[in-house]
Amino acid sequence: MLASTALNLGSFGGPSLNSPTHNLKKPFLLPASKSLHLLSASKRLTNWKSTTSVRTAVAAVDSSDPTSKEEEGGTKKKYHFVVANAKFMLDEEEHFQEQLSERLRLYGERGIEQDFWLVIEPKFLDKFPNITKRLKRPAVALVSTNGSWITFMKLRLDRVLQESYEADSLEEALASNPVNIEFEKPEKWTAPYPKYKSGWWEPFLLPTTAKV
Amino acid sequence: MALVKPISKFITSTPKIGSSNGLQCTKFFTVRMSSATTPPPTVAAKKKKNMKKEIQESLLTPRFYTTDFDEMEQLFNTEINKNLNMAEFEALLQEFKTDFNQTHFVRNKEFKEAADKLQGPLRQIFVEFLERSCTAEFSGFLLYKELGRRLKKTNPVVAEIFSLMSRDEARHAGFLNKGLSDFNLALDLGFLTKARKYTFFKPKFIFYATYLSEKIGYWRYITIYRHLKENPEYQCYPIFKYFENWCQDENRHGDFFSALMKAQPQFLNDWKAKLWSRFFCLSVYVTMYLNDCQRTDFYEGIGLNTKEFDMHVIIETNRTTARIFPAVLDVENPEFKKKLDRMVVINKQILAIGETDDIPLVKNLKRIPLIAALASELLAAYLMKPIESGSMDFAEFEPQVVY
Numbered sequence: 010m011l012a013s014t015a016l017n018l019g020s021f022g023g024p025s026l027n028s029p030t031h032n033l034k035k036p037f038l039l040p041a042s043k044s045l046h047l048l049s050a051s052k053r054l055t056n057w058k059s060t061t062s063v064r065t066a067v068a069a070v071d072s073s074d075p076t077s078k079e080e081e082g083g084t085k086k087k088y089h090f091v092v093a094n095a096k097f098m099l100d101e102e103e104h105f106q107e108q109l110s111e112r113l114r115l116y117g118e119r120g121i122e123q124d125f126w127l128v129i130e131p132k133f134l135d136k137f138p139n140i141t142k143r144l145k146r147p148a149v150a151l152v153s154t155n156g157s158w159i160t161f162m163k164l165r166l167d168r169v170l171q172e173s174y175e176a177d178s179l180e181e182a183l184a185s186n187p188v189n190i191e192f193e194k195p196e197k198w199t200a201p202y203p204k205y206k207s208g209w210w211e212p213f214l215l216p217t218t219a220k221v
Numbered sequence: 021m022a023l024v025k026p027i028s029k030f031i032t033s034t035p036k037i038g039s040s041n042g043l044q045c046t047k048f049f050t051v052r053m054s055s056a057t058t059p060p061p062t063v064a065a066k067k068k069k070n071m072k073k074e075i076q077e078s079l080l081t082p083r084f085y086t087t088d089f090d091e092m093e094q095l096f097n098t099e100i101n102k103n104l105n106m107a108e109f110e111a112l113l114q115e116f117k118t119d120f121n122q123t124h125f126v127r128n129k130e131f132k133e134a135a136d137k138l139q140g141p142l143r144q145i146f147v148e149f150l151e152r153s154c155t156a157e158f159s160g161f162l163l164y165k166e167l168g169r170r171l172k173k174t175n176p177v178v179a180e181i182f183s184l185m186s187r188d189e190a191r192h193a194g195f196l197n198k199g200l201s202d203f204n205l206a207l208d209l210g211f212l213t214k215a216r217k218y219t220f221f222k223p224k225f226i227f228y229a230t231y232l233s234e235k236i237g238y239w240r241y242i243t244i245y246r247h248l249k250e251n252p253e254y255q256c257y258p259i260f261k262y263f264e265n266w267c268q269d270e271n272r273h274g275d276f277f278s279a280l281m282k283a284q285p286q287f288l289n290d291w292k293a294k295l296w297s298r299f300f301c302l303s304v305y306v307t308m309y310l311n312d313c314q315r316t317d318f319y320e321g322i323g324l325n326t327k328e329f330d331m332h333v334i335i336e337t338n339r340t341t342a343r344i345f346p347a348v349l350d351v352e353n354p355e356f357k358k359k360l361d362r363m364v365v366i367n368k369q370i371l372a373i374g375e376t377d378d379i380p381l382v383k384n385l386k387r388i389p390l391i392a393a394l395a396s397e398l399l400a401a402y403l404m405k406p407i408e409s410g411s412m413d414f415a416e417f418e419p420q421v422v423y
């Protein structure tokens, strides 16, 4: 069986199933960017306060977790991320939604402050020209202060780019350019259940940016 | 996690190619079922009947696995393999330590009530489903537990992950066994450990097989869960409500095998790896399809169309598997499903022969052309033009990829 199938190897070719190129073939709606309202200065301030307390809480959790390597040394904090096009992150990989929900549920149960977020069209991407030139837009990043978890997420998602950066505040770290996300219905839908509802990602955005 | 674990997690019985008693041949484990209380007469009768059945194993039977533990030690010895990507393993360890489902598997009184309502043929189907699922989870527990023990010295991180996975599997098996108690039954797992025949697989094959098992298991669970969430009228036993969180464990287990394979690129990067990848995909998909098509009562009982359910699971598993295996099958090509459907027909004919009154020799002679036909369909499916695949971490064209 092996010998005969070896002959067939010559006919291999073409892009792989489910490779990013494959994903890209599926058209998706690039909406005219309908902007989210810009935050007022006062809103920013209140938000900044609340995120500061969040950060303190995160640091407290981290110190009790031997596998977390993040330290809050100085004002800068390190953020790790994986990024890919929105279609891949928010529409095609439905297990991703389950994973994020599972994590948020656990954090709630154990009283752990959230340390991961989704960012649609993140501003920090400007710092990574090598990433942006290889990225379909709009892009979505999964950002976390837990670098180890982001490594795990890279293993899970595979078709994503991984990097890290530093930022002074959570708001700065997660700043995003406003864009409206909509996906076309899939051409083929083989599942005996409907897709997760559009907008499932909202609980994972930084709260202030989630509000339109 | 056995080769056919995903399948056996739901399949209530195993079809036997060329066997007249396909439906009963794998119920060996019911032999040692101890009744928690007085078993209903139907179960007692079944027990007696099964005492007489021989333990027969075929390609489609769920198995317990063992492997070359010395080779495993070598493969993950950090002294020998300086290039092991320990960052991925450490990330996985953190994820497993988090223990997302620590408090998830808590039963309530709904179980017993639902079990009491299940009567007639559906009751039997559920009992078999629980038995086989429990056995399958338990087989994962045994293998992972042993690997956790054996790798402790050479690679404590990988060893601990195996131990934590065996924790998950034990939890799942225990939960299913408690489900059996709703039907006044219990599996004697200690007996199973000793009495089962273990199938030996070299580490490389354990990786392919368990990866597929875990991932296909995830897709089966999540599909059933989401279907029942949408169609709650078919929710006839509360165990399905636990599947959403439950199957995240399966998905993570699969990720770990993905990392194990990435750490051993020789299992992924040559023509042999491509042939084996396709072989394992085919075996797992065909086994599931044939099994499920024999047990449509179960799937229809929970409101699913068996073939549509299976094709969805196969397509999604294949998509997932393409993230790591160097080649996968073109399961979305309609020709692939046609081949599967023809195998179902042939398999039914083979089973029908077993039910005739012919003498064994005649039965065997009649089966020969059908088995040849089945083999030829299998070979044809195997030889269909495959799809090149694999992790982006290994792709030569990766620098050109647009994400």
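Taken in sequence, the protein lines are chains C and A.
Number 114 in this note's numbering belongs to position 105 of the first sequence; there are no gaps in the numbering.
Number 393 in this note's numbering belongs to position 373 of the second sequence; there are no gaps in the numbering.
Quick reminder that beta carbons are idealized off the backbone N, C-alpha and C, glycines included.
Every value quoted in this text rests on a predicted model; they were computed, and no experiment measured them.
- Whole-Å CB distance - residue 110 (chain A) paired with residue 153 (chain C), under 8 Å assumed: Taking the second sequence and counting its residues from 1, the one referred to as residue 110 (chain A) is at position 90. Taking the first sequence and counting its residues from 1, the one referred to as residue 153 (chain C) is at position 144. About 15 Å; that fails the 8 Å criterion.
- Task: Output yes or no for whether 8 Å exceeds the beta carbon distance between residue 220 (chain A) and residue 229 (chain A).
- Result: The count along the second sequence starts at 1 and reaches residue 220 (chain A) at position 200. The count along the second sequence starts at 1 and reaches residue 229 (chain A) at position 209. For residue 220 (chain A) and residue 229 (chain A), no; Cβs fall outside 8 Å.
- Query: To which residues of the same chain is residue 57 (chain A) closer than 7 Å at the C-beta, ignoring the five residues directly before and after it?
  - Reply: Along the second sequence, one-based indexing puts residue 57 (chain A) at 37. Any answer about residue 57 (chain A) is weak, because its pLDDT of 38 lies below 50 and its placement is not dependable; what the coordinates show is given next. Once the five neighbours on either side are set aside, the close Cβ partners of residue 57 (chain A) are 204.
- Does residue 94 (chain C) get closer than 8 Å to chain A when you measure Cβ to Cβ? In the first sequence, the residue the question calls residue 94 (chain C) occupies position 85. Chain A, which has a Cβ nearer than 8 Å to the Cβ of residue 94 (chain C), makes this yes.
- Query: Comparing alpha-carbon positions, which option in A:157, A:254, A:391, A:181 lies nearest residue 134 (chain A)?
  - Reply: If you number the second sequence from 1, residue 134 (chain A) lands on position 114. Answer by Cα proximity: A:254.
- Using a C-beta to C-beta distance shorter than 9 Å, which residues of chain C count as neighbours of residue 111 (chain A)? Taking the first residue of the second sequence as 1, we reach residue 111 (chain A) at position 91. Near residue 111 (chain A) (Cβ distances below 9 Å), the residues of chain C are 76, 156, 157, 158, 159, 160, 161, 162, 163, 164.
- Message: Whole angstroms are fine: how far does the CA of residue 409 (chain A) sit from the CA of residue 232 (chain A)?
- Response: The residue you call residue 232 (chain A) lines up with position 212 of the second sequence. The residue you call residue 409 (chain A) lines up with position 389 of the second sequence. Rounded to the nearest angstrom, the two C-alpha atoms are 15 Å apart.
- Does the Cβ of residue 207 (chain C) have 16 or more other Cβ atoms within 10 Å, making it buried, or fewer, making it exposed? Within the first sequence, the letter at position 198 stands for residue 207 (chain C). It is exposed - the Cβ of residue 207 (chain C) has fewer than 16 other Cβ atoms within 10 Å.
- Message: By DSSP's criteria, residue 174 (chain C) is part of a beta bridge. Which residues make up the other side?
- Response: Numbered from its first residue, the first sequence carries residue 174 (chain C) at position 165. DSSP, once it has assigned bridges, lists C:88 as partnering residue 174 (chain C).
- Query: What do you get for residue 417 (chain A), buried or exposed, if any count of 16 or more other CB atoms within 10 angstroms of its CB means buried?
  - Reply: Numbered from 1 along the second sequence, position 397 holds the residue referred to as residue 417 (chain A). So residue 417 (chain A) counts as exposed.
- Item | The alpha helix (DSSP H) enclosing residue 209 (chain C), as first and last residue numbers | Against the first sequence, residue 209 (chain C) aligns to sequence position 200. Residue 209 (chain C) -> no alpha helix (DSSP H), and no H or E assigned at all.
- So residue 218 (chain A) is in the beta strand (DSSP E); what residue range does that whole segment cover? Counted from its first residue, the second sequence places residue 218 (chain A) at position 198. Unbroken beta strand (DSSP E) run through residue 218 (chain A): 218-221.
- Message: For residue 372 (chain A) and residue 383 (chain A), I'd like the C-alpha separation in whole angstroms.
- Response: As a working mapping, residue 372 (chain A) is identified with position 352 in the second sequence. As a working mapping, residue 383 (chain A) is identified with position 363 in the second sequence. Each residue's alpha carbon lies about 10 Å from the other.
- Taking 8 Å as the CB-CB limit, is residue 324 (chain A) close to chain C? Residue 324 (chain A) sits at position 304 when you count from the first residue of the second sequence. Output row for residue 324 (chain A): interface = yes.
- Item | As assigned by DSSP and simplified to three states, the class of residue 131 (chain C) | Here residue 131 (chain C) refers to the residue found at position 122 when the first sequence is read from its first residue. Residue 131 (chain C) falls in the strand class under three-state DSSP.
- Can you list the residues of chain C that residue 275 (chain A) reaches, using a CB-CB cut of under 7 Å? On the second sequence, position 255 is the one that residue 275 (chain A) refers to. Those are 164, 165, listed as they occur along chain C.
- Under 7 Å Cβ-Cβ, which residues of chain A neighbour residue 104 (chain C)? Taking the first residue of the first sequence as position 1, residue 104 (chain C) is located at position 95. Chain A residues near residue 104 (chain C): 271.
- Task: Check whether the Cβ atoms of residue 170 (chain C) and residue 262 (chain A) sit closer than 8 Å, and answer yes or no.
- Result: Translated into the one-based positions of the first sequence, residue 170 (chain C) becomes position 161. Translated into the one-based positions of the second sequence, residue 262 (chain A) becomes position 242. No; because the gap between Cβ atoms is not below 8 Å, this pair is not in contact.
- Task: Check whether the Cβ of residue 243 (chain A) lies closer than 8 Å to any Cβ atom in chain C.
- Result: Residue numbering aside, residue 243 (chain A) sits at position 223 when the second sequence is read from its first letter. Residue 243 (chain A) counts as touching chain C.
- Helix, strand or coil for residue 192 (chain C), going by three-state DSSP, please let me know. On the first sequence, position 183 is the one that residue 192 (chain C) refers to. Residue 192 (chain C) falls in the coil class under three-state DSSP.
- Task: Anything in chain A within Cβ reach of residue 199 (chain C), meaning under 7 Å, just list it in chain order.
- Result: For the purposes of this step, residue 199 (chain C) is taken as the residue at position 190 of the first sequence. In chain order: 331, 332, 335.
- Report the partner residues of residue 151 (chain C) according to the DSSP bridge assignment. On the first sequence, residue 151 (chain C) is found 142 positions in, with the first residue counted as 1. For residue 151 (chain C), which the question treats as bridged, DSSP gives the partners C:91, C:127.
- Query: Given that residue 279 (chain A) touches chain C, what residues does it touch there, using C-beta distances under 7 Å?
  - Reply: If you number the second sequence from 1, residue 279 (chain A) lands on position 259. Those within 7 Å of residue 279 (chain A) in chain C are 164.
- Message: Does residue 335 (chain A) pass the burial test, meaning 16 or more other C-beta atoms within 10 Å, or should it be called exposed?
- Response: Taking the second sequence and counting its residues from 1, one reaches residue 335 (chain A) at position 315. Buried, because 16 or more other Cβ atoms sit within 10 Å of the Cβ of residue 335 (chain A).
- Item | Close beta carbons around residue 251 (chain A), own chain, < 6 Å, minus the five adjacent residues each side | Locating residue 251 (chain A) in the second sequence gives position 231, where the first residue counts as 1. Excluding residues within five positions, the ones whose Cβ falls inside 6 Å are 323.
- Mind listing which residues of the region 106-133 of chain A have their C-beta closer than 8 Å to chain C's C-betas, in chain order? 107, 108, 110, 111, 112, 113, 114, 115, 117, 118, 120, 123
- Message: Taking only three categories from DSSP, how would you classify residue 347 (chain A)?
- Response: The residue you call residue 347 (chain A) lines up with position 327 of the second sequence. Reduced to three states, the DSSP call for residue 347 (chain A) is strand.
- Message: Under 8 Å, Cβ to Cβ, is there at least one residue of chain A near residue 202 (chain C)?
- Response: Counting from one through the first sequence, the residue named residue 202 (chain C) turns up at place 193. Output row for residue 202 (chain C): interface = yes.
- Within the same chain, show all residues whose beta-carbon is closer than 7 Å to that of residue 195 (chain A), passing over the 5 residues directly before and after it, in chain order. Reading the second sequence from its first residue, position 175 is the one you call residue 195 (chain A). Result list for residue 195 (chain A): 125, in chain order.
- What is the residue span of the alpha helix (DSSP H) that residue 85 (chain A) lies within? Stepping through the second sequence from its first residue, residue 85 (chain A) is reached at position 65. It is not in any alpha helix (DSSP H) - residue 85 (chain A) instead sits in the beta strand (DSSP E) that spans 84-87.
- To the nearest angstrom, how far is it from the Cα of residue 337 (chain A) to the Cα of residue 241 (chain A)? Counted from its first residue, the second sequence places residue 337 (chain A) at position 317. Counted from its first residue, the second sequence places residue 241 (chain A) at position 221. Residue 337 (chain A) and residue 241 (chain A): Cα-Cα distance of roughly 12 Å.
- Task: Indicate whether the contact test is met: 3 or more Cβ pairs, each with one atom in the region 343-363 of chain A and one in the region 392-410 of chain A, closer than 8 Å.
- Result: yes
- Message: Please tell me whether residue 412 (chain A) has its Cβ less than 8 Å away from any Cβ of chain C.
- Response: As a first step, residue 412 (chain A) must be located in the second sequence, where it is residue number 392. Taking Cβ atoms only, chain C reaches closer than 8 Å to residue 412 (chain A), which makes this a yes.
- Item | Coarse secondary structure for residue 185 (chain C), derived from DSSP in three states | The sequence position of residue 185 (chain C) within the first sequence is 176, counting from 1. Residue 185 (chain C): strand per DSSP, three-state reduction.
- Message: Quick check on residue 134 (chain C): buried or exposed, where buried means 16 or more other Cβ atoms within 10 Å of its Cβ?
- Response: The residue labelled residue 134 (chain C) in the question sits at position 125 within the first sequence. So residue 134 (chain C) counts as buried.
- Candidates A:130, A:127, A:119: which alpha carbon is nearest residue 115 (chain C)'s? One-based indexing of the first sequence puts residue 115 (chain C) at position 106. If we check each option's Cα against that of residue 115 (chain C), A:119 comes out closest.
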